[in-house]
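Some notes on the structure that comes next.
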Amino acid sequence: MSFDEEWSAARATAAANVSMRLNQAPADPGGGGGGGGLELNQDHVGAIGSEAYKLHTRLLTDGKHAATSTAEAASALTKEGFASGAALLKVNTTWESQVKTLVAACANISNGLNYSLSSHAKDEQQLHADFTASAIDKYLR
4 MSFDEEWSAA
14 RATAAANVSM
24 RLNQAPADPG
34 GGGGGGGLEL
44 NQDHVGAIGS
54 EAYKLHTRLL
64 TDGKHAATST
74 AEAASALTKE
84 GFASGAALLK
94 VNTTWESQVK
104 TLVAACANIS
114 NGLNYSLSSH
124 AKDEQQLHAD
134 FTASAIDKYL
144 R
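Going by my numbering, the residue at position 9 of the sequence shown is 12; the numbering climbs one at a time, nothing skipped.
Okay, here's the thing in structure tokens:
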């Protein structure tokens, strides 16, 4: 599958799975409060983190597969006196920098989402323990 085909498929999948819009809040049909709180769907967050990790892993190898041959071509062109050798070397250097930036971004996304899930689970456990303890305290007085 070509990059363009894979990218189109990934965009179509992402567009089909969008479940949140940030430009407006949904209308509250009941007219009262409630139901507008923060909801964390651990399956969705976990899937996004997993995909970010997969992309990170693939970029570490696939993002560099042409680096050696590109550097060799740039060197050969430069030795033969072609100005395009220096330009190709600059393109290669820029590409490597962009791949490193993207790899770091994917790692940050994956790690951040993993931390969020873990932190949310700990908060839920603490809230449960607090509510349970307060109910016990009520009966002990």
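Don't be surprised by glycine CBs; every beta carbon is placed ideally from N, CA and C.
Query: N- and C-terminal bounds of the alpha helix (DSSP H) containing K82; Result: A70 to K82
Query: Given L62 as reference, the closest of A110, L91, L116 and Q129 once Cα atoms are compared; Result: A110
Query: Nearest candidate by alpha-carbon position, reference A89, set H123, M4 and A74; Result: A74
Query: Inter-residue spacing [alpha-carbon to alpha-carbon] between G37 and V94; Result: Because G37 carries a pLDDT of 48, less than 50, the predicted location of this residue cannot be relied on, and no value is offered for it.
Query: CB contact flag (L120, G49, <8 Å); Result: yes
Query: Environment of L130 [buried if 16+ CB atoms lie within 10 Å]; Result: exposed
Query: A86 - DSSP class collapsed to helix/strand/coil; Result: coil
Query: Extent of the continuous alpha helix (DSSP H) to which S11 belongs; Result: F6 to A19
Query: CA-to-CA distance, K82 to A124, given in whole angstroms; Result: 60 Å
Query: Length of the line joining the Cα atoms of A76 and M4; Result: 26 Å
Query: Bounding residues of the alpha helix (DSSP H) (the contiguous stretch that carries G49); Result: Q45 to D65
Query: Classification of A132 by the beta-carbon crowding that lies within 10 angstroms, buried from 16 upward; Result: exposed
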